Structures are given as C-alpha cells and as structure tokens.
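All remarks here apply to the structure that follows.
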Amino acid sequence: MMSLEPALAQEIVTRTMGILGCNVNVMNAEGRIIASGQGERIGDTHEGALLVLSQARAVEIDDATSQRKFHGA
C-alpha cells in the first residue's frame with residue numbers, strides 16, 4: 056500500500072476544501088486522520104475509514120449516516 060506524507064496530505068486537504076467548501080479528512084492505512092480541515096482531529100481514529108478498511112469497498116458517509124452509525128444517534 057502506498058504511503059502519503061502528512062504534509063502532502065494536508066496540502067491536498069487545503070486545496071480540496073477550497074474547491075468543495077466543506078471539511079476534508081485524509082486517513083492512513085490504519086484509519087487514523089493524518090490531515091484535516093479540523094486540525095484538532097489529526098491523530099484521531101476515523102470510524103468511517105475503519106468501516107471502509109474492514110469491508111474493502113467504498114462507503115458513502117453523509118451527515119445522517121455519520122450521526123446514526125458513529126455517534127449512536
């Protein structure tokens with residue numbers, strides 16, 4: 056698996072957020088956030104990334120899904 060340096064990941068996040076206008080996170084192969092528009096999240100485990108890694112497929116996570124699956128709402 057290819058590894059992405061955190062500095063490059065953060066540059067990708069910053070540019071992508073400028074285009075999309077919403078927060079973006081980049082995670083590593085262990086599901087840890089290595090770059091984010093919310094700097095305080097760097098180093099946290101991203102539950103959606105763990106889901107993708109465990110199922111080996113793309114998973115779309117919107118606000119409603121995030122609240123239901125990852126926050127117990």
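According to the working numbering, the residues represented by the sequence shown are 56 to 128, in order. Quick reminder that beta carbons are idealized off the backbone N, C-alpha and C, glycines included. From a predicted model like this one, the values you see are computed outputs, not experimental measurements.
Can you tell me whether residue i is buried or exposed, with buried defined as 16 or more other CB within 10 angstroms of its CB?
| i | result |
| --- | --- |
| residue 62 | exposed |
| residue 114 | exposed |
| residue 82 | buried |
| residue 121 | exposed |
| residue 104 | buried |
| residue 88 | buried |
| residue 127 | For residue 127, the predicted model reports a pLDDT of 47, less than 50, meaning its position is unreliable; a value from the coordinates is still stated below. Classification of residue 127: exposed, given that the 10 Å Cβ count is below 16. |
Between residue i and the rest of its own chain, which residues show a CB-CB distance below 7 Å, the 5 nearest in sequence each way excluded?
| i | result |
| --- | --- |
| residue 7 | The requested residue 7 is not part of the displayed model; the chain covers only 56 to 128. |
| residue 92 | 68, 72, 78, 79 |
| residue 94 | none |
| residue 108 | 86 |
Can you give me the Cβ contacts of residue i inside the same chain, cut-off strictly under 6 Å, excluding the 5 residues immediately before and after it?
| i | result |
| --- | --- |
| residue 65 | 90 |
Excluding the 5 residues preceding and the 5 following residue i in the sequence, name in chain order all residues of the same chain whose CB lies nearer than 8 Å to its CB.
| i | result |
| --- | --- |
| residue 99 | 87, 88 |
In chain order, each beta strand (DSSP E) run of at least 3 residues that lies wholly inside the region 59 to 111: Counting only runs of 3 or more, we get 80 to 82, 88 to 91.
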